[in-house]
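For the record, the sequence lines run as chains D and U.
Be aware that the first sequence starts at 1237, since it is given in the working numbering, and climbs by one per residue.
Be aware that the second sequence starts at 133, since it is given in the working numbering, and climbs by one per residue.
Where is the CB? At the ideal position from N, CA and C, for every residue including glycine.
So the structure is just underneath, and the comments pick up after that.
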Amino acid sequence: MELRKKYKRQQLELEWERISGKIQKQSFPSGFGQYVLYILGELFMNIIEHAEAQKIKLNIKVSKKKFHFSVSDDGKGIRKSYHKNELFPKDDKSAIEFALGGLSSKSGKERGFGFYSIRKLTEAINGNFSIASGNMEATISKNSILYRRMNNTIPGVAVNINSPVMSIDFYNYIK
Amino acid sequence: MKNEIKIRKKFIGFRNDAVDFKRKILRNQWKSVDLNFSEVVFITGAFADELLKIKGELSTGGIRISFSHLGPDVKKMISAVEKRKLRWTKLKN
């Protein structure tokens, strides 16, 4: 399965259902299909709820052994997403740390599990997960996080995931 | 007659979907309602989280929401998110 497409913000909800239907038809090891559906849903929802993006790029490529997923948007980025909830990360690195640690940018004192649980799930299957926003990129691999200041500042958020296609006790990692 | 909302989607991912159910329940002034998941294959954690939050909020106002015809993935996601919320509430307190 391969999908490389650009979307407008208004298309995302319907597209999520359409792409999810395609993913469901694939034959994956136990729990892996749920992992892919979960990533797609959580990241699309972040864009819809927080990003104020206009354009979104999505790339999914799955073979028998390898899974690649990337999504990027042209929205306001992670740091500014926290501002509406009166949280002010000092820089893009702090903002990414907040997101990976599970701090929500929604109103109310809730926890935001999107990036946090994607990180846990991807680590569980020995995958790599990178998230970039502003001038900072974090790469998570084998329980370590490497932060890198980029030469340029990107609009919005860019997420990249590469992992093997393998079975995962999906719901155990969501708890 | 029993009030029912039959969900007509195979995949539900967004918090707004749960908020739409809440609006419908309040608009109709229902005191109890069943959410029928028979056509639903998968829900995201975010949707489950919002749905459970709304269920809790409405129950304090005397409105009862029940879930029926849950498929295996939907059941597991709701259960996993319930456990996660419970754990997070304990941590906060």
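Asked                                                                                                                                                      : Found
Contacts around residue 1297 of chain D, its chain only, beta-carbon distance under 7 angstroms, and the 5 residues preceding and following it disregarded : 1238, 1304
Local Cβ density within 10 Å of residue 1255 of chain D, reported as buried at 16 or more and exposed below that                                           : buried
Inter-residue Cα distance where the pair is residue 1244 of chain D and residue 203 of chain U                                                             : 32 angstroms
Neighbourhood of residue 1439 of chain D by C-beta distance below 8 angstroms, restricted to the same chain and skipping five residues each side           : The structure shown has nothing for residue 1439 of chain D, since chain D only spans 1237 to 1411.
Inside the stretch 1287–1352 of chain D only - alpha helix (DSSP H) runs reaching at least 4 residues                                                      : 1313–1319, 1328–1337
Residue range of the alpha helix (DSSP H) that includes residue 182 of chain U                                                                             : 177–192
Cα-Cα separation between residue 184 of chain U and residue 214 of chain U, rounded to whole angstroms                                                     : 8 angstroms
Neighbour list for residue 141 of chain U in chain D, Cβ cutoff strictly below 8 angstroms                                                                 : 1253
DSSP bridge partner residues for residue 174 of chain U (one or two, in chain order)                                                                       : U/143
Within-8 angstroms CB hit, residue 166 of chain U to chain D                                                                                               : no
Cutoff 8 angstroms: residue 155 of chain U Cβ touching any chain D Cβ                                                                                      : no
For residue 197 of chain U: DSSP bridge partner residues                                                                                                   : U/165
Helix, strand or coil at residue 1264 of chain D according to DSSP, with G and I counted as helix                                                          : coil
Amino acids of chain D, ordered along the chain, whose beta-carbon sits closer than 7 angstroms to that of residue 173 of chain U                          : 1260
Closer than 7 angstroms at the beta carbon, the chain U residues around residue 1243 of chain D                                                            : Per Cβ cutoff of 7 angstroms: no residues; residue 1243 of chain D is ~15 angstroms from chain U at best.
Counted within 10 angstroms of its Cβ, other Cβ atoms place residue 1278 of chain D as buried (16 or more) or exposed                                      : buried
Delimiting residues of the alpha helix (DSSP H) encompassing residue 1408 of chain D                                                                       : 1406–1410
Chain-ordered neighbours of residue 1280 of chain D on chain U, where CB pairs are closer than 7 angstroms                                                 : 145
Whole-Å CB distance - residue 145 of chain U paired with residue 1353 of chain D, under 8 angstroms assumed                                                : So it is not a contact: roughly 14 angstroms between Cβ atoms.
Listed by chain order, chain U residues near residue 1247 of chain D by CB distance under 8 angstroms                                                      : Correct list: empty, because the minimum Cβ distance to chain U is about 13 angstroms.
Cut-off 6 angstroms between Cβ atoms - residues of its own chain near residue 1335 of chain D, not counting five sequence neighbours on either side        : 1314, 1351
Beta-carbon proximity of residue 1259 of chain D to residue 1272 of chain D, cut-off 8 angstroms                                                           : yes
Buried or exposed (CB count within 10 angstroms, at least 16 for buried), residue 1355 of chain D                                                          : buried
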